[in-house]
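Q:
Number of protein chains: 2
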Amino acid sequence: MVKIALLGFGVVGSGTAEVLTENKKIIEERLGCAYEIKYILDLREFPDSPFGSLVVHDFNTILNDPEVTVVAEMMGGSHPAYDFTKACLMAGKNVVTSNKEVVSTFGVELCALAREHGVRYLFEASVGGGIPVIRPMINDLSSNKVAKISGILNGTTNYILTEMRDKGTPFSDVLKEAQRLGYAEANPSADVDGIDAARKIVILAALASGKLADPKTIPTEGITAISLTDTHVAAAFGFSMKLIGHAALTDGKLTAFVSPRMVPAVNPLSRIDGVFNGILVNANMVGEVMFYGPGAGKLPTASAVVADIIDIIANRDADPKPILWEAATDSDMADFAGYVCRRMWILKSGAEIPAALAFDDMKVVDDTVALLGAPCDEATAASIAKVLGESLLSVYRVLD
Amino acid sequence: MVKIALLGFGVVGSGTAEVLTENKKIIEERLGCAYEIKYILDLREFPDSPFGSLVVHDFNTILNDPEVTVVAEMMGGSHPAYDFTKACLMAGKNVVTSNKEVVSTFGVELCALAREHGVRYLFEASVGGGIPVIRPMINDLSSNKVAKISGILNGTTNYILTEMRDKGTPFSDVLKEAQRLGYAEANPSADVDGIDAARKIVILAALASGKLADPKTIPTEGITAISLTDTHVAAAFGFSMKLIGHAALTDGKLTAFVSPRMVPAVNPLSRIDGVFNGILVNANMVGEVMFYGPGAGKLPTASAVVADIIDIIANRDADPKPILWEAATDSDMADFAGYVCRRMWILKSGAEIPAALAFDDMKVVDDTVALLGAPCDEATAASIAKVLGESLLSVYRVLD
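For the protein sequence lines, the chains are A and B, in the order given. Residue numbering for the first sequence follows the working numbering, beginning at 1 and increasing consecutively. Residue numbering for the second sequence follows the working numbering, beginning at 401 and increasing consecutively.
1) Chain A partners of B:Phe691, CB-CB under 7 Å?
2) With DSSP as the reference, please indicate the residues paired to B:Trp745 in a beta bridge.
3) For B:Thr620, which three-state DSSP category applies?
4) Just confirm the distance between the C-beta atoms of A:Asn315 and A:Gly129, as a whole number of angstroms; I'd bet it's less than 8 Å.
5) Beta carbons nearer than 9 Å to chain B: which residues of the segment 317 to 351 of chain A have them?
6) Would you verify that the beta carbon of A:Gly389 is, or is not, closer than 8 Å to some beta carbon of chain B?
7) My understanding is that A:Val192 touches A:Gly238, with C-beta atoms under 8 Å, so please give their C-beta distance in whole angstroms.
8) Determine the burial state of A:Tyr167: buried for a count of at least 16 other Cβ atoms within 10 Å of its Cβ, exposed for fewer.
9) Under 8 Å by Cβ, that's how I've got A:Ile203 and A:Ala256 pegged, so tell me the actual separation to the nearest angstrom.
10) Output needed for A:Val365: all residues of its chain with C-beta closer than 6 Å, excluding positions within five of it in sequence on either side, in chain order.
11) Expressed to the nearest angstrom, what Euclidean distance is found between the alpha-carbon atoms of B:Tyr398 and B:Leu788?
12) Roughly how many whole angstroms lie between the Cα atoms of B:Thr562 and B:Leu463?
13) Just list the residues that DSSP pairs A:Arg261 with in beta bridges.
14) Spell out whether any CB of chain A is found under 8 Å from the CB atom of B:Met662.
15) Who are the neighbours of A:Leu299 on chain B, taking C-beta pairs under 8 Å?
16) Flag this pair as touching only if the segment 39 to 47 of chain A and the segment 3 to 21 of chain A have three or more C-beta atom pairs under 8 Å; answer yes or no.
17) Identify the continuous beta strand (DSSP E) that holds B:Val402 and give its terminal residues.
18) Determine the DSSP secondary structure at A:Ser143, reduced to helix, strand or coil.
19) Quick one: measure Cβ to Cβ for A:His117 and A:Gly92, integer angstroms, because I've assumed they're closer than 8 Å.
20) Inspect the beta-carbon positions of B:Ile538 and B:Phe691 and report whether they are closer than 8 Å.
21) Use the C-beta contact count for A:Thr250: other C-beta atoms within 10 angstroms, 16 or more gives buried, fewer gives exposed.
22) Quick check: the Cα distance between A:Ile309 and A:Ala87, rounded to an integer number of angstroms?
23) Answer yes if the segment 718 to 732 of chain B comes into contact with the segment 695 to 705 of chain B, meaning at least three C-beta pairs across the two stretches below 8 Å, and no otherwise.
24) So which residues on chain A does B:Val419 lean against when the C-beta distance must stay under 7 Å?
25) For A:Ala91, does the three-state DSSP call read helix, strand or coil?
26) Over the uninterrupted beta strand (DSSP E) stretch that includes B:Asp761, give me the two end residues.
27) Quick one: grab the DSSP three-state call for B:Val787.
28) B:Ile462 by DSSP, collapsed to three states: which one?
29) Using DSSP bridges, identify the partner residues of A:Lys253.
30) Among residues of its own chain, excluding the 5 on either side of B:Cys741, which ones have a beta-carbon nearer than 7 Å to its beta-carbon?
31) Rounded to the nearest angstrom, how far is the Cβ of B:Trp745 from that of B:Leu792, given a contact under 8 Å?
32) At the 8 Å Cβ level, is A:Glu124 part of the contact set with chain B, yes or no?
33) Between which two residues does the alpha helix (DSSP H) harbouring B:Met564 extend?
34) Kindly list the residues whose CB is nearer than 7 Å to the CB of B:Asp767, restricted to its own chain and excluding five residues on each side of it in sequence; keep chain order.
35) Would you report the Cα separation of B:Cys511 and B:Lys600, rounded to the nearest angstrom?
36) Do B:Gly674 and B:Asn521 come within 8 Å of each other at the CB atom, strictly closer than that value?
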């Protein structure tokens with residue numbers, strides 16, 4: 001009998017209890033092994049929950065119980081989630097988590113600690129919610145060198161951009177509606193400023209490169225400045241505006257950043273709408289594969305947490321296969337100034353177009369002039385933007 | 401040092417040699433273990449290939465060499481592929497394969513043999529080419545009950561249907577072009593008659609249910625009868641015509657069949673075009689996830705074969721986790737007459753519409769009357785078709 005403790009009984013925590021209970025019979029059959037939830041750590045009481053009697057308030061009850069061998073951390077935030085995770089690993093307990101903030105910030109240390117103590121630290125639910133992507137990248141793309149990852153990694157912003165496109169409602173109004181529907185937090189910054197997507201893209205990039213970049217230092221741009229004119233320009237060219245987490249490995253150097261991008265219709269990410277996520281991976285042997293599904297939500301995210309718990313129980317007698325990451329140093333990172341892509345330039349009507357701005361297509365949309373630029377690097381783009389000055393309303397990277 | 405033998409040096413076999421060689425350094429690093437290809441079994445000689453010196457013609461050379469612990473079968477066809485697989489498993493060798501014919505026909509016996517002899521039989525490459533789908537279904541959806549699978553499982557027919565839709569070229573002409581391009585075999589029956597898709601959907605259905613249905617007995621309809629009028633009707637309703645392998649588990653009963661279906665635009669399968677495959681899985685906790693990528697091709701398929709080889713080497717010291725299937729009996733299968741879906745009825749212009757044909761929408765397309773019918777079961781659909789007689793040009797299931 002494997003004894004499990006859940007840290008946190010919020011949305012994902014209560015979903016995890018539900019998945020472990022609802023599908024208990026089929027999971028135990030697959031495992032050939034029984035399990036039970038022994039404790040749920042939360043500050044609150046849940047007298048009306050069927051799991052209410054399992055709630056404890058003192059983390060040490062869990063830490064000091066040698067029967068508990070699997071701990072699922074679903075508290076969110078860095079502290080005390082990181083501290084509790086560290087203590088569990090050091091006590092020889094396996095930990096699974098949905099906490100992208102902890103994985104992206106402390107992943108190097110926590111993976112090393114797991115290795116040192118002969119246990120596992122798994123985090124399938126930290127990226128893409130219920131979408132299987134982390135384990136498939138480790139196991140199924142193991143025969144490949146991953147060259148590029150582009151993902152719609154945040155359901156809230158994708159919902160907002162989809163509504164802006166389909167209903168012509170401006171950003172601020174859609175955000176309010178998303179908050180009303182519970183798709184966006186009262187403080188929406190982590191979503192709309194791209195912070196959540198940055199955490200997720202550094203995790204995916206680390207799976208491809210072994211180097212975990214600091215999510216706070218990668219170029220990160222959110223969606224707050226996107227106007228309806230910008231989405232109209234995208235539509236006029238047959239593109240969709242999406243917030244993309246992007247990672248690439250070129251000559252051993254890692255590029256990772258988050259920004260809104262105009263996605264041409266031929267790219268399967270262009271058609272991933274609403275709260276869904278999609279992660280497109282380019283690898284040297286398989287070519288292009290995509291993982292698609294619900295990027296958030298109670299039961300989908302819990303489904304991934306429980307898949308990690310099952311993985312640990314199923315392999316409890318095998319040597320744990322460690323995930324080995326190093327912290328990315330400056331010399332591991334490509335110079336972002338050299339990042340090359342096509343760009344969409346949106347200028348005030350009548351603006352003078354500098355000679356350096358080579359473009360392939362031009363359309364007039366909502367009293368602006370939209371130019372689909374030829375590929376250029378960030379440094380060139382910045383100098384063109386400087387020349388354009390106030391004539392430039394906005395410029396977007398195109399995802400090719 | 402793990403010694404690997406390849407059975408078959410055709411498209412997938414030579415691709416597998418290439419992946420194992422090209423990515424050797426990174427794979428060995430991940431494994432912490434060296435490997436080499438010791439033999440390649442083929443009837444032909446390959447004097448100009450860098451792997452030519454590894455070619456042997458006698459299967460017994462491989463079977464009787466105790467150094468060979470992993471065998472990759474990529475011969476295609478049932479015999480001798482099945483016989484060689486069986487002999488290898490019985491000799492205590494792990495086997496991986498891309499051969500859907502063998503897995504779908506002999507999977508129950510071969511999985512049981514692997515278990516009996518303490519080795520593994522893996523077949524990620526048998527469905528969806530390079531797309532990670534089998535291992536993710538086993539590992540990542542392990543926390544779920546899978547309720548429904550709908551897949552575009554055959555790249556050749558998807559290429560043909562895409563060309564028919566986008567270029568307005570009739571089936572027979574596109575088929576010839578596909579044969580010229582190497583996308584279709586000289587004898588295209590396995591693809592265009594849905595046989596290949598039937599093999600793949602029974603494998604996916606077995607992963608969900610534990611019951612392997614006989615691919616020869618499930619209802620299977622190909623794409624040879626699809627006319628341009630049919631694709632025009634699909635387009636007029638905003639649908640795409642796709643060859644869909646479908647499996648569902650309802651009250652413990654399995655439904656599995658292959659047929660062309662009209663796929664509404666909201667379904668992500670509607671936008672999977674050309675030679676790409678997509679597999680949409682509905683499961684009770686995660687909801688809907690999709691796996692997308694190249695469903696065939698030398699290196700993509702080899703990428704999956706090598707992922708299985710890596711899985712075996714990485715877990716060589718662990719207890720093999722057996723896949724346990726039973727042969728599906730009649731009582732495991734749902735009565736297909738009870739299968740309910742919407743249908744698109746395409747009638748000769750001026751045909752009398754029977755009262756039993758309830759429909760939600762009607763359009764006139766290419767001198768036909770196309771009716772988007774309300775949901776009805778197969779038995780009802782058959783009796784309506786009988787009443788319509790020669791007025792009925794065609795009828796398609798809609799994928800909702």
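Cβ coordinates follow ideal geometry from the N, Cα and C atoms, glycine included. Here the structure is a predicted model, which means the values were calculated and not measured.
A: Result, derived from the coordinates:
1) Phe291
2) B:Leu771, B:Val795
3) B:Thr620: strand per DSSP, three-state reduction.
4) Between A:Asn315 and A:Gly129, the beta carbon gap of about 23 Å keeps them out of contact (Cβ cut-off 8 Å).
5) Asp317, Ala318, Asp319, Lys321
6) no
7) In fact, because the Cβ distance is near 26 Å, the residues do not count as touching under 8 Å.
8) According to the sequence as given, residue 167 of chain A is Lys; it is not Tyr. It is exposed - the Cβ of A:Lys167 has fewer than 16 other Cβ atoms within 10 Å.
9) A:Ile203 to A:Ala256, Cβ: 10 Å. No contact.
10) His232, Val233, Ala236
11) There is simply no residue 398 of chain B to check, as chain B begins at 401 and stops at 800 in what is shown.
12) Cα to Cα, the separation comes out at about 44 Å.
13) DSSP lists A:Lys242, A:Arg397 as partners of A:Arg261.
14) no
15) Ordered by position in chain B, the residues that pass the 8 Å Cβ test against A:Leu299 are Met685, Val686, Gly687.
16) Counting Cβ pairs under 8 Å, three or more are found: they touch.
17) 402 to 407 is the span of the beta strand (DSSP E), which, as asked, contains B:Val402.
18) Under the three-state reduction of DSSP output, A:Ser143 falls in the coil class, being neither helix nor strand.
19) Between A:Gly92 and A:His117 the Cβ distance is about 5 Å, and since that is below 8 Å, they are a contact.
20) no
21) exposed
22) 18 Å
23) No, the segment 695 to 705 of chain B does not touch the segment 718 to 732 of chain B.
24) By Cβ distance, chain A contributes Ser143, Met285.
25) coil
26) 759 to 765
27) helix
28) Here B:Ile462 sits in helix by DSSP.
29) A:Thr250
30) Pro775, Arg797, Val798, Asp800
31) Confirmed, Cβ separation roughly 7 Å.
32) yes
33) 555 to 567
34) Result list for B:Asp767: Ser749, in chain order.
35) 16 Å
36) It should be noted that the sequence gives Tyr, not Asn, for residue 521 of chain B. It is not a contact, given that the beta carbons lie outside the stated cut-off.
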